[in-house]
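Participant:
Number of protein chains: 2
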Amino acid sequence: MSVKQPTLHDVARLAGVSHQTVSRVINSSPNVADDTRKRVQDSINALHYRPNQAARSLITGRSQTLQVIDFDAYYVTPLPPIISIASEKGYKISVSTVKLPDSVHEFRKLMDDSTARQVDGFLLFAMDLTVPKEILDQLCRGAPYVQLGSSPADGVPAVLFDQVGGMRQLMNHLFNMGHKRIAEISGPFTKVDARQRHAVVQDMLHDAGLEPGPWVESDFQILGGYEKALELLSIDRSFTALVCGNDQAAVGAMRAINEVGLRVPDDIAVVGFDDEHFAAYLNPPLTTVRQDFLEQARRGIGYILAKLEDPETPMIREVICPELVVRKSS
Amino acid sequence: MSVKQPTLHDVARLAGVSHQTVSRVINSSPNVADDTRKRVQDSINALHYRPNQAARSLITGRSQTLQVIDFDAYYVTPLPPIISIASEKGYKISVSTVKLPDSVHEFRKLMDDSTARQVDGFLLFAMDLTVPKEILDQLCRGAPYVQLGSSPADGVPAVLFDQVGGMRQLMNHLFNMGHKRIAEISGPFTKVDARQRHAVVQDMLHDAGLEPGPWVESDFQILGGYEKALELLSIDRSFTALVCGNDQAAVGAMRAINEVGLRVPDDIAVVGFDDEHFAAYLNPPLTTVRQDFLEQARRGIGYILAKLEDPETPMIREVICPELVVRKSS
DNA sequence: CGTCGGTTGTTTAACGCTCACATACCCTCC
DNA sequence: GGAGGGTATGTGAGCGTTAAACAACCGACG
Numbered sequence: 001m002s003v004k005q006p007t008l009h010d011v012a013r014l015a016g017v018s019h020q021t022v023s024r025v026i027n028s029s030p031n032v033a034d035d036t037r038k039r040v041q042d043s044i045n046a047l048h049y050r051p052n053q054a055a056r057s058l059i060t061g062r063s064q065t066l067q068v069i070d071f072d073a074y075y076v077t078p079l080p081p082i083i084s085i086a087s088e089k090g091y092k093i094s095v096s097t098v099k100l101p102d103s104v105h106e107f108r109k110l111m112d113d114s115t116a117r118q119v120d121g122f123l124l125f126a127m128d129l130t131v132p133k134e135i136l137d138q139l140c141r142g143a144p145y146v147q148l149g150s151s152p153a154d155g156v157p158a159v160l161f162d163q164v165g166g167m168r169q170l171m172n173h174l175f176n177m178g179h180k181r182i183a184e185i186s187g188p189f190t191k192v193d194a195r196q197r198h199a200v201v202q203d204m205l206h207d208a209g210l211e212p213g214p215w216v217e218s219d220f221q222i223l224g225g226y227e228k229a230l231e232l233l234s235i236d237r238s239f240t241a242l243v244c245g246n247d248q249a250a251v252g253a254m255r256a257i258n259e260v261g262l263r264v265p266d267d268i269a270v271v272g273f274d275d276e277h278f279a280a281y282l283n284p285p286l287t288t289v290r291q292d293f294l295e296q297a298r299r300g301i302g303y304i305l306a307k308l309e310d311p312e313t314p315m316i317r318e319v320i321c322p323e324l325v326v327r328k329s330s
Numbered sequence: 001m002s003v004k005q006p007t008l009h010d011v012a013r014l015a016g017v018s019h020q021t022v023s024r025v026i027n028s029s030p031n032v033a034d035d036t037r038k039r040v041q042d043s044i045n046a047l048h049y050r051p052n053q054a055a056r057s058l059i060t061g062r063s064q065t066l067q068v069i070d071f072d073a074y075y076v077t078p079l080p081p082i083i084s085i086a087s088e089k090g091y092k093i094s095v096s097t098v099k100l101p102d103s104v105h106e107f108r109k110l111m112d113d114s115t116a117r118q119v120d121g122f123l124l125f126a127m128d129l130t131v132p133k134e135i136l137d138q139l140c141r142g143a144p145y146v147q148l149g150s151s152p153a154d155g156v157p158a159v160l161f162d163q164v165g166g167m168r169q170l171m172n173h174l175f176n177m178g179h180k181r182i183a184e185i186s187g188p189f190t191k192v193d194a195r196q197r198h199a200v201v202q203d204m205l206h207d208a209g210l211e212p213g214p215w216v217e218s219d220f221q222i223l224g225g226y227e228k229a230l231e232l233l234s235i236d237r238s239f240t241a242l243v244c245g246n247d248q249a250a251v252g253a254m255r256a257i258n259e260v261g262l263r264v265p266d267d268i269a270v271v272g273f274d275d276e277h278f279a280a281y282l283n284p285p286l287t288t289v290r291q292d293f294l295e296q297a298r299r300g301i302g303y304i305l306a307k308l309e310d311p312e313t314p315m316i317r318e319v320i321c322p323e324l325v326v327r328k329s330s
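Protein sequences, first through last, are from chains A and B. Numbering follows the working numbering, with no gaps: position 296 of the first sequence is 296. Numbering follows the working numbering, with no gaps: position 6 of the second sequence is 6.
#1: Could you have a look at residue 64 of chain B and say whether DSSP puts it in helix, strand or coil?
#2: In chain order, what are the residue ranges of uninterrupted alpha helix (DSSP H) at least 4 long that sit wholly in the region 208–255 of chain B?
#3: Got a sec, what are the start and stop residues for the alpha helix (DSSP H) residue 109 of chain A sits in?
#4: Within 8 angstroms: the Cβ of residue 78 of chain A and any heavy atom of the ligand SAM?
#5: My understanding is that residue 148 of chain A touches residue 125 of chain A, with C-beta atoms under 8 angstroms, so please give their C-beta distance in whole angstroms.
#6: Might you give, ordered along the chain, the residues of its own chain that have their beta carbon closer than 7 angstroms to the beta carbon of residue 265 of chain A, omitting 5 neighbours on each side?
#7: Is there a Cβ from chain A that is less than 9 angstroms from the Cβ of residue 252 of chain B?
#8: Ordered along the chain, which non-local residues of its own chain (more than five positions away) have a Cβ less than 7 angstroms from that of residue 251 of chain B?
#9: Specify the secondary structure class of residue 147 of chain A as computed by DSSP and reduced to three states.
#10: Classify residue 255 of chain A as buried or exposed, calling it buried when 16 or more other Cβ atoms lie within 10 Å of its own Cβ.
#11: Can you say whether residue 179 of chain A is buried or exposed, counting buried as having 16 or more other CB atoms within 10 angstroms of its CB?
#12: I need the straight-line Cα distance from residue 141 of chain B to residue 155 of chain A, nearest angstrom please.
#13: How is residue 158 of chain B classed by DSSP in three states: helix, strand or coil?
#14: Could you say which of A/162, A/240, A/13, A/320 lies nearest to residue 177 of chain A if we only look at CA atoms?
#15: For a quick check, are the C-beta atoms of residue 57 of chain B and residue 5 of chain B less than 9 angstroms apart?
#16: Can you give me the C-alpha to C-alpha distance between residue 166 of chain A and residue 94 of chain A, rounded to a whole angstrom?
#17: Any chance the region 80–93 of chain A sits against the region 298–308 of chain A, with 3 or more Cβ pairs inside 8 angstroms?
#18: Is DSSP giving residue 134 of chain B helix, strand or coil here?
#19: Pull out every residue of the region 107–134 of chain A whose Cβ sits closer than 7 angstroms to any Cβ of chain B, in chain order.
#20: Looking at the unbroken alpha helix (DSSP H) that takes in residue 26 of chain A, where does it start and where does it end?
#21: Give the DSSP bridge partners of residue 289 of chain B, in chain order.
#22: Can you pull the DSSP bridge partners for residue 270 of chain A?
#23: So, at 6 angstroms on beta carbons, what are the nonlocal neighbours of residue 1 of chain A in its own chain, with the 5 sequence-adjacent residues on each side left out?
#24: When you compare the CB of residue 191 of chain A with every CB in chain B, is at least one pair closer than 9 angstroms?
#25: Looking only at its own chain, which residues have a Cβ that is under 7 angstroms from the Cβ of residue 236 of chain B, when we skip the five neighbours before and after it?
#26: I'd like the span of the alpha helix (DSSP H) that includes residue 184 of chain B, first residue to last.
#27: Roughly how many angstroms lie between the CA atoms of residue 297 of chain B and residue 78 of chain B, to the nearest whole one?
#28: If residue 274 of chain A and residue 292 of chain A are in contact, beta carbons under 8 angstroms, what's the gap, nearest whole angstrom?
#29: Measure the C-alpha to C-alpha separation of residue 245 of chain A and residue 192 of chain B and round it to an integer number of angstroms.
#30: Tell me residue 69 of chain B's beta-bridge partners as DSSP assigns them.
#31: Check whether chain A comes within 9 angstroms of residue 229 of chain B, counting only Cβ atoms and requiring the distance to be less than that.
#32: Our contact map puts residue 138 of chain B next to residue 163 of chain B with C-beta atoms below 8 angstroms; I'd like the distance itself, whole angstroms only.
#33: With a Cβ-Cβ cutoff of 9 angstroms, do residue 73 of chain A and residue 99 of chain A count as a contact?
#34: Would you tell me roughly how many angstroms separate the C-alpha atoms of residue 111 of chain B and residue 151 of chain B, rounded to the nearest one?
#35: Could you tell me the distance, in whole angstroms, from the CA atom of residue 135 of chain A to the CA atom of residue 231 of chain B?
#36: For residue 171 of chain A, which option in A/40, A/280, A/91, A/242 has the closest C-alpha, if you only look at C-alpha atoms?
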C-alpha cells in the first residue's frame, strides 16, 4: 500500500453527501434518491474508490471468504470447481493444507488463524481423521462448515460420494465379466475412503461365495501401485482381475503387469477409482468410477451460504452417487 | 460469529496490564518484562484469545495473505508448493481464477477486490496476456507482485522456466536418436508458452537443415492431442518422431498412434513437456521435460516477502532450467 | 393547519487493534 | 545528586467502515 487509497469520506466530499449515504449506495440500500445515487456512483468511479474490506470485516464480522482446509496437500483436483462456484456467489477462496506429522495440532492452529480472519465458512476436505461435531463446532467458532468427500462424525454436515455404491458397481461389473479370482491393492488405511472401499471389496467377494484373492495395502500413489502390483504378481498370478484403490494405483499396477509380460485386460483386468483426466487415455483406457466434484462443490457451498443466511438451516448430509465408467481395461 | 470473542482488552483486564502491553506480547516486541509476558500469555491461553485480523489489517494495511491469480482454472499443479511455502512463512494463500470470455475485465475486477482485501502480494499465474508493467503496478496498487511461469512484459518481476532451453534439450535428444522427420502438435497459440515452444521446434529443425514435418495447433488437452494426432496420421505417416506441446497432448497422441496400429517408440517416438505425475507410468513411459514448481514457488514468494520487507528490493527476473527426462517413449 | 407516515439525509458511536507519544522507573556516571 | 539513557508500561487517537438514532423534508389527511 504505497499510495493512499480514497475512502468513503473522500467520495462523500466529492459527491457532496454524507459518508453514510455513500455507504448506502455501495450496499445497495433502497432508501437513496436516484439522482443522489448516480452522483455518488460517479464520484466512486472518478476516484476509483473500492471499499476497504478490513474495515468492513471489523464491524460486520464477515469477510466474504470461505476457507478450504485440505488434509491431502497434493489432491487439488476438486479445487477448481470450488473456486468457480464460490466466485459466482461473490466469495473468495482461501486454501490451506494440513501437514501430516501432527494433523490435529496443525488443524487447530489453522482454525484459530482462520477464525481470526473472520472467515465466513469452512470446507473441510479429505479429512483423514473423524472429528466429532462438538469439537468442530468449537473450532469453527460459530462459522458454518461442511465436510467434503470423507466420512464425517455423527451430526457433521457433509457432502459425500457413495464409496460403497461406487465400489459395488465396480465389483458387479467384474462379476458380470465372469471374474472369479479378484486381487486388490487398497489405499492406505489411514484414509477412511480407503478402508470403506476395501471393506466393500472383501464383503462382496464373501457374499458372492468367492474366495478372496490376494490383497495388499498401498498409498494411493502411482509408484506404490506399481511396487505393490509387482509384489502381488510375484506371490500369486492366479487372479484374473485387480481392483485398485484409486486411478493412480491402477496406473502403476498396469505398468507392473506389462513389465512381467502379462497383458491388460486379456490376462488381468484392472479397475481404478476416481476417473482422473488421464484415465480415459491410458493404454488400455481404464475402467473406473467417476465422482462429480462440481456437484459436490455446488451443494457444499450452497449449504454454507444458506446457513450463513439463516442459521436455522438444517444440517445436510448428502450423498452423491458416483458413476461407473466402463473402458477397455476390464 | 455467534459467540462473542475475547478482545485485547479482556486479556489486558485479566492480566492486570494495559491493552498496549498485550499488543506488545502478541507482536513479540522486546520491551516486555519476562514475568509480565508470562502473565499475559497465561491470560491469552485462559481466554483462548486470538487477535482479530480484520482490526489488524485495518490499521497496518497488511493481511498476511498472498493472492494467487490463475489464468488457467484447471492447471492447479503448481498450487501445493505455493501453499506450502507461504504457510511456512506465515502467509495464507487466497486463490482466484480468471475466466476466459473477458479476461481483462475479470482481471481488473479481481485486482480491485484483492486490493480492497489488503492482500500483501500477488502471484500471477499462467497469464495468457502480456500486461505491461505500468498497468500491473496500477492494478496492484503498490502491493508487490510476481509473474510465474509465463512470459512477462519488460520490467515485470518473474520466475520463469526456460521454455527455450527445455525444448532445445528435447529436440537435441531427438536429433541424437537419429530422427530426421519430426512432427509437432503444439499448444494453443493464445498461450505464450505454446508459441515459444513451437518457435523453438521449428527453428531447430531449420537450423539442423531438416525439412519440418507436419504440425498442427492443439489445446494442451488429452482429447485435443488425440484428435490432432489422428489428423496428422491421416495426412502423412512419414514422420518418426512427434513433439507434443505438453504431456497431456502426448497422452492423447500416444493413444491415437496405437489405434492406427503403429507403436511407440518403434514406429514413432513421442515426447511431451511438464513431467506430470503420470508421465513415468504411461505405457511406454514418456520422455519429457521436468519443471521444478517447488523452486519456482520458493523464489517467487521469497521475492514478494523481500519486497514487502524492503520496497527497494530490485525486481527479479529468474529463469529456472527445466530438466530433460528421457524415458522409453523416444 | 397541525399531525402523521414515509422518504432521504446526517450525526454519533462503535468494531478491535496499532502507533506515537507520554510517563514512570532504574541504573550509571561525572 | 542531578543529568542522561535505557527499559517497562500506560494513554489516547485513529484506521475506514456499518449500525442505530436522529433530524429534515414532503405530501396527505382529518
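C-beta: ideal position from N, C-alpha, C; glycine also.
Facilitator: In brief:
#1: coil
#2: 222–235
#3: 103–116
#4: For the structure depicted, the ligand SAM is absent and the ligand set is empty, with no information on it obtainable.
#5: 5 angstroms
#6: 284, 328, 329, 330
#7: yes
#8: 222, 225, 282
#9: strand
#10: buried
#11: buried
#12: 45 angstroms
#13: strand
#14: A/240
#15: no
#16: 31 angstroms
#17: yes
#18: helix
#19: 112, 115, 116, 117, 118
#20: 19–26
#21: B/324
#22: A/242
#23: Confidence at residue 1 of chain A is low in this model, with a pLDDT of 41, below 50, so the placement of that residue should be treated as unreliable; the coordinate-derived value is given next. Cβ neighbours of residue 1 of chain A beyond the five flanking positions: none.
#24: no
#25: 214
#26: Careful: residue 184 of chain B lies outside any alpha helix (DSSP H), inside the beta strand (DSSP E) at 182–186.
#27: 8 angstroms
#28: Going by Cβ atoms, the distance from residue 274 of chain A to residue 292 of chain A rounds to 12 angstroms, so no, they are not a contact pair.
#29: 38 angstroms
#30: B/96, B/124
#31: no
#32: Their Cβ separation, rounded to whole angstroms, is 28 angstroms, which puts residue 138 of chain B and residue 163 of chain B out of contact at 8 angstroms.
#33: yes
#34: 20 angstroms
#35: 58 angstroms
#36: A/242
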